[in-house]
Each structure stands twice: as structure tokens, then as C-alpha cells.
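**Student:** Take the sequence shown: its letters are residues 1 to 172, numbered as in my numbering.
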Amino acid sequence: MDRYQRVEKPKEETPINENEIRVTAQGRMLNYITYATSLLQEKEATEIALKAMGRAINKTVMITELIKRRVARLHQNTSISSTDITDTWEPLEEGLLPLETTRHVSVITITLSKNELDTSSTGYQPPIPQDQVKIGHVQDHQGGGHQSTMGRIRGGRGRGRDRGRGSTRRLN
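Shown next as C-alpha cells:
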């Protein structure tokens with residue numbers, strides 16, 4: 001495939017309902033959580049739907065769990081499916097023909113509702129216990145101040161190179 005480049009197709013503009021949130025792998029989790037909680041609390045929506053495909057599915061599940069711990073008495077229904085996406089590849093060299101590949105991508109739709117959903121559905125989850133809900137606003141720790149539990153975890157990529165101070169290593 002190194003002799004081909006993928007052709008970006010114009011995305012089909014399908015209308016999005018106000019209570020529908022399409023989660024992408026690039027979007028910030030905090031933005032999704034803030035928007036969802038504002039829909040449920042300030043705009044008084046009774047139901048929201050979080051939708052994601054492929055790599056964004058894990059993020060969507062995490063976002064859902066965090067929303068359920070910020071907004072009380074939310075019923076959840078999860079449905080999974082798959083869709084086929086066709087990619088078109090144009091050749092970079094002469095003499096090659098354009099290619100089309102089809103990939104099967106997983107899709108998840110998580111519905112959160114203040115009203116009871118279909119309890120017989122296989123994806124139904126009742127609201128979490130009230131003592132696990134911490135009602136309040138989501139805080140973003142970008143405005144300075146102390147970050148106790150959020151933020152970057154230190155380390156992970158080694159200690160860095162020696163800066164020339166007190167090196168015990170000798171080269172012969």
C-alpha cells in the first residue's frame with residue numbers, strides 16, 4: 001500500500017439531534033462530559049445518546065461512567081453494531097489501478113435517560129447507587145493552582161540524560 005494514498009471522501013452530512021453526542025478519538029473527554037452534563041442538568045434534557053465508532057468506543061464508555069457519577073438516577077442502555085466503511089486508494093505510480101477496500105468498524109450507542117428505559121433489553125443498566133454520585137460541576141485544571149489527582153503523571157520515559165553533573169560513568 002506504500003504506492004497508494006487514501007482519497008478523503010466528503011463526509012455525508014447527517015443531521016445530529018441536540019441530545020446526540022458523537023464521540024471521536026481526537027476530542028477531549030472533559031468537553032464531552034461538560035456538554036453532556038449541561039444537557040442533562042441545565043437544558044433539562046431527559047435523555048442523551050453517546051455514539052462512537054472504532055477507537056473512540058473505549059473513550060465513550062469512560063465518558064458514560066463519569067457522567068453517571070455526576071448526574072443522579074441515570075438509566076443506561078447500550079447497543080452495539082458494526083458498519084462497513086469503504087476507502088478509496090489512488091495510485092502514486094503510473095500503471096496501477098485505483099483500489100477500494102472495505103473495513104468493518106464497530107459502533108456503540110449508549111443512551112442515558114432520567115426515565116426508565118426498556119429493562120428487558122440486554123444492554124440495560126439501572127442507575128448506580130446514590131452514594132456513588134458526586135453531584136457538582138466538572139473542573140478543568142488548566143488555570144493554574146494545585147493539581148492533586150488530575151494532570152500528568154510524572155516519569156514514564158526514563159530519567160533523562162546526564163546533564164554533566166556528578167557523572168560516575170567513565171569512558172576509556
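The C-beta atom is built at its ideal place from N, Cα and C for all residues, glycine as well.
1. By Cβ distance below 8 Å, which residues in the same chain neighbour Gly95 in space, the five residues on each side in sequence not counted?
2. For Lys11, name the three-state secondary structure that DSSP assigns.
3. Can you name the residues that DSSP bridges to Ser105?
4. Please list the terminal residues of the continuous beta strand (DSSP E) segment that includes Lys51.
5. Going by DSSP, name the residue or residues bridged to Val23.
6. Select from Glu47, Lys59 and Ile67 the residue whose C-alpha is nearest the C-alpha of Gln26.
7. Among the candidates Ile108, Thr102 and Glu100, whose CA atom is the shortest distance from the CA of Ser81?
8. Contact check, Lys51 vs Glu20 under 8 Å by CB: the rounded distance?
9. Any heavy atom of the ligand ZN closer than 7 Å to the beta-carbon of Gln41?
10. What residue does the alpha helix (DSSP H) around Met29 start on, and which one ends it?
11. Do you know whose CA, among Pro126, Glu8, Glu65 and Asn17, lies nearest Ile33's CA?
12. Pull up the distance between the alpha-carbon of Ile135 and that of Thr37, whole angstroms please.
13. For the alpha helix (DSSP H) containing Met1, name the first residue and the last one.
14. In angstroms with no decimal places, state the Cα-to-Cα distance between Lys9 and Ile63.
15. How about Met53 and Ser106: do their beta carbons lie closer than 8 Å?
16. From Asp131 to His75, what distance separates their C-alpha atoms?
**Tutor:** Considering the structure as presented:
1. none
2. coil
3. According to the sequence provided, residue 105 is Val. The question's Ser does not apply to it. Partner(s): Thr83.
4. Glu47 to Met53
5. Ala52
6. Lys59
7. Ile108
8. 7 Å
9. The ligand ZN is not part of this structure, which contains no ligands at all.
10. Met29 to Gln41
11. Glu65
12. 10 Å
13. Note, Met1: premise wrong, no alpha helix (DSSP H); not H, not E.
14. 29 Å
15. yes
16. 16 Å
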